[in-house]
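Here is the structure we will look at.
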Amino acid sequence: MNIPNSNLPRIIIIGGGFAGIALAKSLKNKMVQVVLLDKHNYHTFQPLLYQVATGGLEAGNIAYPIRKVVQEYKDFYFRLGRVNEIDVKNNKIIADIGELSYDYLVIATGSKTNYFGNKEIERNSMSMKTIPQSLNIRSLILENFEQALLTDDPKERKSLINFCLVGGGPTGVELAGALAEMKIAILQKDYPDLDITQMQINLIQGGDRILDAMSEKSSKEAEEFLTKLGVKVHKDVRVTGYDGRHITTNTDLTFDSATVIWTAGVKGASIPGMDVNAIVKNAERIKVNSYCQVEGYENIFAMGDVACMIDTNHPQGHPMLAQAAIQQGQLLGENIIRKIKNQPMKPFVYNDKGTMATIGRNKAVVDLPHYHFSGVFAWFVWMFVHLFSLIGFKNKAVVFLNWVYNYIRFDREGRLIIRPFKRKSFYTFTSDEV
Ligand SMILES: Cc1cc2nc3c(=O)[nH]c(=O)nc-3n(C[C@H](O)[C@H](O)[C@H](O)COP(=O)(O)OP(=O)(O)OC[C@H]3O[C@@H](n4cnc5c(N)ncnc54)[C@H](O)[C@@H]3O)c2cc1C
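For the sequence shown, this note's numbering assigns the number 262 to the initial residue and increments by one for each residue that follows.
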């Protein structure tokens, strides 16, 4: 990897997401050598992926070059590469670009989509965790409409413009709202020779309410907002199979759809090599103590979505949210320096700043620790929180201008099929593990 040897302790960070970037910033110019690796050369602002998928924003608006974040940091190295294994005995990582030894290792690899072992669903459905995947969804939506114009088979046409979103968490809810708006603002104008009333958006939720990690009020209001936008919300329905065209469920309900977007589960993106006892079974998150130190290892840490830190308030670990990742990253920087200086580390205490979700134009729900609100004011709060959380002034400015333009013009400029999404056969998609 061509990293120079030095007398400084070497800290390797795997992942330049919310946690990795927060840690990098807190280790800036701290008399340590830092090597940050990521399989992408950019940081992704995942909360706005759904806007890229529905043509509201361009991919570059929610990505930021990692090199630009760290370019002025001393003894700091970024390498573009995927880490495949950790050799804990020899204190080194094994990546597709080579091997590198560490004094301290921090795993901040985030999460990946969980299909709960259902290979058929994994093969045939779309996932939305990365920018390439969002662009695939955008292309597929538009390609389906183009295809629907060409077919003479009414059943096939219906299936092409029947969009099924599985999972009623924030991602499914926000995507459903944005698709409903895309239908009204773009698709019915762009495809006047197609009967737009045939376009369906189905949100399928396994539990008895959507947004089940938020308050009951938020769930109820979000469902009302979605229903008003024309989204069909199906609760207590679990998808059991999808062959690329037909969805089966644990009830009598079935769907005929060319597009299934799976947002029903996530699991930690852990890396092989550590003791199996350090990994939470099924969730695949790495067990850490209150200092983000991996169970059974002195010099290996994990933070963000991939880490499972259990305390009395969080028996399943902290929520997989950007705030938890950022706060852990900030503290871990301070703690590693303390450890190097033989000072006691500080335990992590999560500062819950609340959760929110937006459901199309003018509507959002916000749960603060002791207060709930919704509607237009919540929507403004949602916009400003997301705007200020984006990295880079240019991204903030461009996203803001885009939103103002889209709001005033009822339009979305990003409805371009730049990189067509290729299907193996008509209804079987190419798996895209990126
Ligand atoms: C669609 C969507 C919407 C969301 N909306 C919200 C929201 O509104 N509010 C909120 O708080 N949270 C939201 N989240 C969750 C939030 O984005 C995560 O909690 C947060 O990104 C976790 O940060 P992290 O640093 O742990 O992981 P990530 O930000 O996912 O970063 C992980 C990094 O590791 C890299 N990586 C992974 N594996 C490897 C490897 N083997 N080798 C090298 N690099 C690797 C990845 O490329 C990535 O850059 C959303 C998530 C998604 C997917």
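Just so you know, even glycine gets a beta-carbon here, dropped at the ideal spot from N, CA and C. Just so it is clear, the structure is predicted and the values come from calculations on it, not from any experiment.
Starting from K489, follow the alpha helix (DSSP H) in both directions and report where the run begins and ends.
Counting from one through the sequence shown, the residue named residue 489 turns up at place 228. K489: member of the alpha helix (DSSP H) spanning 477–489, first to last residue.
Rounding to the nearest angstrom, what Cα-Cα distance links V555 and I547 in this structure?
Sequence index remark: in the sequence shown, residue 555 carries index 294 (1-based). Sequence index remark: in the sequence shown, residue 547 carries index 286 (1-based). Note on geometry: alpha-carbon atoms of V555 and I547 lie some 7 Å from one another.
Tell me the residue span of the beta strand (DSSP E) that contains E346.
Here residue 346 is taken as the residue at index 85 of the sequence shown, counted from 1. Taken as a continuous stretch (DSSP letters only), the beta strand (DSSP E) holding E346 covers 344–348.
Would you say S386 and Y303 are within 7 Å of each other, going by their C-beta atoms?
Locating residue 386 in the sequence shown gives position 125, counting from the first residue. Locating residue 303 in the sequence shown gives position 42, counting from the first residue. The answer is no: Cβ separation not under 7 Å.
Measure the alpha-carbon distance for E694 versus V527 and round it to whole angstroms.
Locating residue 694 in the sequence shown gives position 433, counting from the first residue. Locating residue 527 in the sequence shown gives position 266, counting from the first residue. Since pLDDT at E694 reaches only 47, below the 50 mark, its modelled position is unreliable, and the value read off the structure follows with that caveat. Rounded to whole angstroms, E694 to V527 spans 14 Å at the Cα level.
How far does the alpha helix (DSSP H) with H647 in it extend, from its first residue to its last?
Here residue 647 is taken as the residue at index 386 of the sequence shown, counted from 1. Its alpha helix (DSSP H) spans residues 637–650.
Best match in S480, N290, F339, I508 for proximity to V627 [C-alpha to C-alpha]
The residue you call residue 627 lines up with position 366 of the sequence shown. When only C-alpha atoms are compared, the closest one is S480.
Could you name the residues that DSSP lists as bridge partners for F424?
On the sequence shown, residue 424 is found 163 positions in, with the first residue counted as 1. Partner(s): I462, T520.
Within 10 Å of its beta-carbon, does Q307 have 16 or more other beta-carbons around it, so buried, or fewer, so exposed?
Here residue 307 refers to the residue found at position 46 when the sequence shown is read from its first residue. Counting Cβ neighbours within 10 Å, Q307 comes out buried, since at least 16 surround it.
Tell me whether Q394, by its Cβ, gets closer than 6 Å to a heavy atom of ligand 1.
The residue you call residue 394 lines up with position 133 of the sequence shown. No, Cβ of Q394 sits at least 6 Å from all heavy atoms of ligand 1.
Taking C-alpha atoms, which residue in P270, I457, Y552 lies nearest to M570?
To locate residue 570, count along the sequence shown from 1; it is residue 309. For the residues P270, I457, Y552, the minimum Cα distance to M570 belongs to Y552.
Using CA atoms only, rank isn't needed, just tell me which of S635, A285, F649, K655 is closest to S476.
Locating residue 476 in the sequence shown gives position 215, where the first residue counts as 1. Comparing Cα-Cα distances from S476 to each of S635, A285, F649, K655, the minimum goes to S635.
Going by DSSP, what residues sit across from D503 in a beta bridge?
On the sequence shown, position 242 is the one that residue 503 refers to. According to the sequence displayed, residue 503 carries Tyr and not Asp. I508, per the DSSP bridge assignment.
Using a beta-carbon distance below 7 Å, is S531 in contact with chain B?
No chain B is present in this structure, which holds just one protein chain.
Through-space distance from A519 to F687, alpha-carbon basis:
If you number the sequence shown from 1, residue 687 lands on position 426. If you number the sequence shown from 1, residue 519 lands on position 258. Summary for F687: the model assigns pLDDT 48, below 50, so the residue's position carries little reliability; its value from the coordinates is reported in the next sentence. Straight through space, the alpha carbons of A519 and F687 are spaced by roughly 9 Å.
Touching by the beta-carbon criterion (3+ pairs, under 8 Å), the stretch 457–469 and the stretch 494–501:
Short answer: they touch.
Cβ neighbour criterion (16 or more within 10 Å) applied to D566:
Counting from one through the sequence shown, the residue named residue 566 turns up at place 305. Answer is buried; the Cβ neighbour count reaches 16.
Outcome for A324 when other beta-carbon atoms lying within 10 angstroms are tallied against a minimum of 16
Against the sequence shown, residue 324 aligns to sequence position 63. Label assigned to A324: buried.
Note the first and the last residue of the continuous beta strand (DSSP E) segment covering I272.
The residue labelled residue 272 in the question sits at position 11 within the sequence shown. Going by DSSP, I272 is part of the beta strand (DSSP E) stretching over 271–275.
Heavy atom of ligand 1 within 6 Å of G359 beta-carbon:
Indexing the sequence shown from 1 puts residue 359 at position 98. Result no, Cβ not under 6 Å from ligand 1.
Output the distance between the C-alpha atoms of D299 and R328, rounded to the nearest integer angstrom.
Against the sequence shown, residue 299 aligns to sequence position 38. Against the sequence shown, residue 328 aligns to sequence position 67. Looking at the two C-alpha atoms, the distance is approximately 11 Å.
Look at K655 and L648 and say whether their C-beta atoms are less than 7 Å apart.
As a working note, residue 655 is residue 394 in the sequence shown. As a working note, residue 648 is residue 387 in the sequence shown. No, the pair does not count as a contact, with Cβ atoms beyond the cut-off.
Could you tell me the alpha carbon to alpha carbon distance between M389 and I264, rounded to whole angstroms?
Mapped onto the sequence shown, residue 389 falls at position 128. Mapped onto the sequence shown, residue 264 falls at position 3. Going from the Cα of M389 to the Cα of I264 covers about 34 Å.
Test item: CB-CB of I354 and L361 under 7 Å
Position 93 of the sequence shown holds residue 354. Position 100 of the sequence shown holds residue 361. Yes, Cβ-Cβ distance for I354 and L361 is below 7 Å.
Using alpha carbons as the reference points, say which of R384, D414, I422, E381 lies closest to L401.
Translated into the one-based positions of the sequence shown, residue 401 becomes position 140. Per the Cα distances, I422.
Indicate whether I587 and F279 have their beta-carbon atoms separated by less than 7 Å.
Walking along the sequence shown from the start, residue 587 turns up at place 326. Walking along the sequence shown from the start, residue 279 turns up at place 18. For I587 and F279, yes; Cβs fall inside 7 Å.
Starting from F339 and walking both ways along the beta strand (DSSP E), at which residues does that stretch end?
Position 78 of the sequence shown, counted from the start, is the residue given in the question as residue 339. Element bounds for F339: 337–341.
Examine the Cβ distances between the stretch 433–442 and the stretch 609–628 and report whether three or more of them are shorter than 8 Å.
The stretch 433–442, when compared against the stretch 609–628, does touch it at the 8 Å Cβ threshold.
Given 8 Å as the limit, is there contact between the stretch 436–453 and the stretch 671–680, that is, 3 or more CB pairs closer than that?
The stretch 436–453 vs the stretch 671–680: in contact.
Could you check which residue in D536, I274, E404, A585 has the C-alpha nearest to that of L677?
The count along the sequence shown starts at 1 and reaches residue 677 at position 416. Of the listed residues, the one whose Cα sits closest to L677 is E404.
Alpha carbon to alpha carbon, how far is P681 from I398?
Here residue 681 refers to the residue found at position 420 when the sequence shown is read from its first residue. Here residue 398 refers to the residue found at position 137 when the sequence shown is read from its first residue. Between P681 and I398, the C-alpha separation is close to 10 Å.
Just to confirm before moving on: does the CB-CB distance between I273 and L284 stay below 7 Å?
As a working mapping, residue 273 is identified with position 12 in the sequence shown. As a working mapping, residue 284 is identified with position 23 in the sequence shown. With respect to the 7 Å criterion, I273 and L284 are not classified as neighbours on the basis of their beta carbons.
Whose C-alpha, out of P415, M292, S287, is nearest the C-alpha of S267?
Taking the first residue of the sequence shown as 1, we reach residue 267 at position 6. If we check each option's Cα against that of S267, M292 comes out closest.
How far does the alpha helix (DSSP H) with P605 in it reach, from first residue to last?
Start at 1 with the first residue of the sequence shown, and residue 605 comes out as number 344. Run containing P605: none; DSSP gives neither H nor E here.
Please go through the same chain and pick out, in chain order, the residues whose beta-carbon is closer than 7 Å to the beta-carbon of Q584, but skip the five residues on each side of it.
Along the sequence shown, one-based indexing puts residue 584 at 323. Short of 7 Å from the beta carbon of Q584, and not among the five residues preceding or following it, lie these beta carbons of its own chain, in chain order: K614.
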